[in-house]
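Asker: Quick note: the sequence shown uses my numbering, first residue 154, plus one each step. Note that the Cβ used here is the ideal one computed from N, Cα and C, for glycine as well. Bear in mind the structure is a predicted one, so any value in this text is a computation, not a measurement. First, the structure itself, so that you have it in front of you.
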Amino acid sequence: MKFLIIGDLHGAMPKIKIKDFDAIIAPGDFCSDKGIRGAYAKAYKEYIKTHDMSKEWWDYCGKIKAKQLAISSINMGRNILKFLDSFNKPVYLVPGNWDWTKGSKTKWHFMNQDFWNKYIMKGHKNIIDIHKKIIDIGEFAFIGYGICNGPELLRYRHYGRFPKKKHEKSQKALKKLLAEYNTLFKKAKKPVIFISHNVPYKILDLIKDKKSVMHGYHYGSLLARRMVMKHKPLLCIGGHMHENYGKKVLGKTTVINSGFGADVNTLVEIKNNKLRIRFIK
């Protein structure tokens, strides 16, 4: 089978440079961060400094502007999925951390909505969300893990000192996730293709942007790494870490970072469990 992989798009319409493929794989971040990222960065820096989550990104730009930006971002994401759907080939994906899934409750009702499932994903006949699912596709089993934006344990995020209760909460959440994904992987009767929004920890995940408050740190997923090391999927496809487009081997698994932007295409051809990979910019 031939799989076309696209990277994080953040609102940019992908340029499909490969014509011969059986399916598309996309590890998330379809929606735009335009106008939002700057406000989010301010909120994030404040959170790292004070450990206080009372101020959200929209508090830095105002709710009227924030709602306009959110609606624009959501529509861009939906238009990208509509475009991918138009190829009449299966599109296997997971949502990224910018894709407006329903997360933690906030004081603003508008932001508590599940835009991903109720609007962005709706009505696309070829788009298949495999987040927290296992599905058989021909000779392979696909497993998906979306949304993750960094190491799932607080102590790996370099935030400084946090109350013990918050560390325990992150440990409990990861333990639950690990149990869920161990169950999914054990169900697989075929070679696994693991689609994770974030790449495995310490694999193609180094933050190289000197403007980032996390410059120089590894920021991949602990869960993705553990699943790869324990269950040895044939292929792990991730994104999120924009700077590290390429491939590496972790244990017995080939890991691909699908990169960032409209121009990035990757073609993976699998025959007799042998991989042939082409990176196209």
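With H, G and I counted as helix, E and B as strand and the rest as coil, what does DSSP make of N250?
Answerer: Three-state DSSP puts N250 in coil, outside helix and strand.
Asker: Does the Cβ-Cβ distance between G164 and C184 come in under 8 angstroms?
Answerer: Yes.
Asker: Let me check one thing: in DSSP terms, what residues is V408 bridge-paired to?
Answerer: C389, K401
Asker: Going by CA-CA distance only, name the one from I430, M154, H371, L387 that's closest to G404.
Answerer: L387
Asker: Below 8 angstroms on the Cβ atoms is my guess for M274 versus L234; work out the distance and round it to an integer in Å.
Answerer: 7 angstroms
Asker: Quick one: Cα of R231 to Cα of W251, how far?
Answerer: 13 angstroms
Asker: Leaving aside the five residues before and after K198 along the sequence, list all residues of the same chain whose C-beta is less than 7 angstroms from its C-beta, in chain order.
Answerer: V366
Asker: In the DSSP output, what is T203 paired with across the bridge?
Answerer: For T203, which the question treats as bridged, DSSP gives no partner whatsoever.
Asker: Starting from E321, trace the alpha helix (DSSP H) in both directions and tell me its first and last residue.
Answerer: 317 to 340
Asker: Confirm, please, whether the CB-CB distance from Y309 to M380 is below 8 angstroms.
Answerer: no
Asker: Spatial neighbours of I385 within its chain, please: C-beta separation below 7 angstroms, excluding the five flanking residues on both sides.
Answerer: A small correction: the amino acid at residue 385 is Lys; Ile does not occupy that position in the sequence shown. Cβ neighbours of K385 beyond the five flanking positions: G404, K405, T406.
Asker: Under 8 angstroms by Cβ, that's how I've got H350 and H395 pegged, so tell me the actual separation to the nearest angstrom.
Answerer: 12 angstroms between Cβ atoms; not a contact.
Asker: So what does DSSP say about H311, is it helix, strand or coil?
Answerer: coil
Asker: Under 8 angstroms between the Cβ atoms of I430 and K400?
Answerer: yes
Asker: Considering only DSSP beta bridges, list what K424 is partnered with.
Answerer: K427
Asker: Go through its chain and collect everything with a Cβ distance to Y398's Cβ below 6 angstroms, but skip five positions before and after it.
Answerer: N410, G412
Asker: Looking at the structure shown, is F263 part of a helix, part of a strand, or coil, going by DSSP?
Answerer: Under the three-state reduction of DSSP, F263 is assigned to helix.
Asker: Please state whether the Cβ-Cβ distance between Y354 and S374 is less than 8 angstroms.
Answerer: yes
Asker: Which residue marks the beginning of the beta strand (DSSP E) containing I178, and which one marks its end?
Answerer: Here the beta strand (DSSP E) through I178 covers 176 to 179.
Asker: On the DSSP letters alone, give me the boundaries of the beta strand (DSSP E) that A294 sits inside.
Answerer: 293 to 298
Asker: Between which two residues does the alpha helix (DSSP H) carrying K258 extend?
Answerer: It is not in any alpha helix (DSSP H) - K258 carries neither H nor E in the DSSP assignment.
Asker: Here's a check: name, in chain order, each residue in its chain whose Cβ is nearer than 6 angstroms to the Cβ of G249, leaving out the five neighbours to either side.
Answerer: G181, D182, H350
Asker: Tell me the DSSP secondary structure of S225 in three-state form.
Answerer: helix
Asker: Specify the secondary structure class of L237 as computed by DSSP and reduced to three states.
Answerer: Reduced to three states, the DSSP call for L237 is helix.
Asker: Once DSSP output is grouped into helix, strand and coil, what is the label at Y245?
Answerer: strand
Asker: Tell me whether the beta-carbon of A179 lies closer than 8 angstroms to the beta-carbon of I201.
Answerer: no
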